[in-house]
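**Student:** Handing you a structure now.
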Amino acid sequence: MLARSLLARSRRLSRPAFRQRNAGTRLLYATPSRMKIKFEDDDDSTPCPRKTELAQKILRQTFGRNAFRLEQEAAISTILHGRNAMVVMPTGGGKSLCYQVPAIAFEKLDLASDAGRPSGHGITVVVSPLLALMRDQVNILKRKGVAAESMDSTKTWEQQQEIGAKMRDGTLRLLYCASERFSKRFIENLKQVAGGVRLVAVDEAHCISEWGHQFRPDYLKVARFVQEVKAERTICLTATATTNVIDDICKAFHIAKTDIFCTTPYRSNLRLLAKAVERAEDKLKEHKGPTLIYVTGREQTVALVKKLVKAGLRALPFHSGMQNKDKEANQDKFMADEVDIIVATIAFGMGIDKPNIRNVVNYGIPGSIEEYSQQIGRAGRDGKPSTCIFYLCPRDLGDREVLAYGDSLTRKTVVSVLGNIFDDDVTALPLDGVFKRNHFAQAKE
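Be aware that the sequence shown starts at 13, since it is given in this note's numbering, and climbs by one per residue.
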């Protein structure tokens, strides 16, 4: 049913010039005819053709690609003209180029301008919840000769100081970080960057919205962070977002409706299958090529890996309960084709960039359509035919219901939390009164 629902949605969204209105937000789904946009009201002194040509030159020379895909060029043009943008593209659609190309272009545009930018060419900050993604993209950019670093929990004190120095002197073009890094010292370092913060790119932006399927409270800090570092512009990117989520993001970052760029999640190279099985053991199938198997719990990853290894297959687990070094080691082996199968929870969902994954197997029911879309989006990023198999057995629905109802708060939990916040002798006061408190300051009833 979930796979059928996703296919139905994809067919609806794949119609040319499809437009959808909801909660005051207009989504424009791309067709090849909307590749280029000329902004008549643009007040930038640099001609539009120069910026377009520069972006295309960077695409060819730095990234080795001949042409932009769908809405990439329009989104990049919006950023280079100083406006905020929202990008919704499927996994493998090329979202990262929408901020990497501008990050490289800023310096070149400064040098080409008569006025120049004597204080420096600034930095692009990429906010991501994914350590693996940051590491992969930094390594790729460095191999292409782009000055990029990540500020994350794996860095030593000396490494952090070295990166901080590169930030301040303006030699760093892109800096990747998680929202948990938004300390006062980090923000002050960014304020001292020569040329300032030219762009903040918010990857996996659906984490900002409480409507999002992977809401992260720390992401609520990002909009304030953008203001504190005085970022010139912002781009928010995600592969999966409902209209409610898009509306939340645009309000938080002041993105105009005309600067929302969406493409259909439908990908013609993916073959989606849903199969019913009677026993969980029947789900163990051999598939040619790199394979991802998604399960719902940590214990399942370990148990299934043992069965696969016993059957003679090269498989490793990946879940949030593992040490970072173990997760990185397993991911590196999968990326290098040293193992064929990764059995993972949703912890291996967003941001894994391995182009030749041939199969994605769902061993259980995902939490939502958006989660399922993220997971199957790992397959076939190189454009070659790939298979996404959704296996079901009778007990799967019951397991998912237990997880769903398990998220509900009991009365005992609520009373316990309130007891930790308030004293026993707290009483309701008239409006504009003040609560007596013992842990958190509480003003007004």
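The beta carbon of each residue, even a glycine, is placed where N, CA and C say it ideally should be. Keep in mind it's a predicted model, so treat the numbers as computed, not measured.
(1) With distance defined between alpha-carbon atoms, name the residue in Tyr-231, Lys-178, Val-241 nearest to Glu-200.
(2) Identify every run of the alpha helix (DSSP H) within the region 137–176, keeping only runs that are complete inside it and at least 4 residues long; order them along the chain.
(3) Which one or two residues does DSSP pair with Met-98 in a beta bridge?
(4) Going straight from the alpha carbon of Gly-182 to that of Ala-206, what length do you get?
(5) Please confirm whether Asp-215 and Leu-249 have their CB atoms less than 8 angstroms apart.
(6) Which one or two residues does DSSP pair with Tyr-375 in a beta bridge?
(7) How should Glu-161 be labelled, buried or exposed, when 16 other C-beta atoms within 10 angstroms of its C-beta is the threshold for buried?
(8) Pick out whichever of Ile-369, Ile-358, Arg-370, Leu-409 has its Cα sitting closest to the Cα of Tyr-384.
(9) Would DSSP call Val-289 helix, strand or coil?
(10) Which residues in the same chain have their Cβ closer than 7 angstroms to the Cβ of Val-351, if we skip the five residues on either side of it in sequence?
(11) State the Cα-Cα distance for the pair Pro-229 and Gly-324, rounded to the nearest angstrom.
(12) Which residue wins for smallest C-alpha separation from Arg-393, given the options Thr-270, Ser-280, Gln-335, Arg-62?
(13) In the DSSP assignment, what are the bridge partners of Ser-398?
(14) Write down the C-beta distance between Gly-208 and Glu-244 rounded to the nearest angstrom, noting that I regard them as a contact closer than 8 angstroms.
(15) Alpha carbon to alpha carbon, what distance is there between Ala-251 and Lys-366?
(16) DSSP beta-bridge partners for Pro-277?
(17) Just the C-alpha distance for Ala-356 and Lys-203, rounded to the nearest angstrom, thanks.
(18) With DSSP as the reference, label Glu-457 as helix, strand or coil.
(19) Tell me which residue opens and which closes the alpha helix (DSSP H) that Ala-124 is part of.
(20) Alpha carbon to alpha carbon, how far is Ile-267 from Ser-17? Give it in angstroms, no decimals.
**Tutor:** To lay it out plainly:
(1) Val-241
(2) 143–155
(3) Cys-248, Ile-272
(4) 5 angstroms
(5) yes
(6) Tyr-403
(7) buried
(8) Ile-358
(9) coil
(10) Arg-326, Ala-327, Leu-328, Lys-345
(11) 42 angstroms
(12) Ser-280
(13) Leu-282
(14) 7 angstroms
(15) 16 angstroms
(16) Looking at the DSSP assignment, Pro-277 forms no beta bridge with any residue, so it has no partner.
(17) 39 angstroms
(18) Note that Glu-457 has pLDDT 36, beneath the 50 cutoff, so the model's placement of it is unreliable and no number is given.
(19) 109–124
(20) Summary for Ser-17: the model assigns pLDDT 49, below 50, so the residue's position carries little reliability, and this model does not support an answer.
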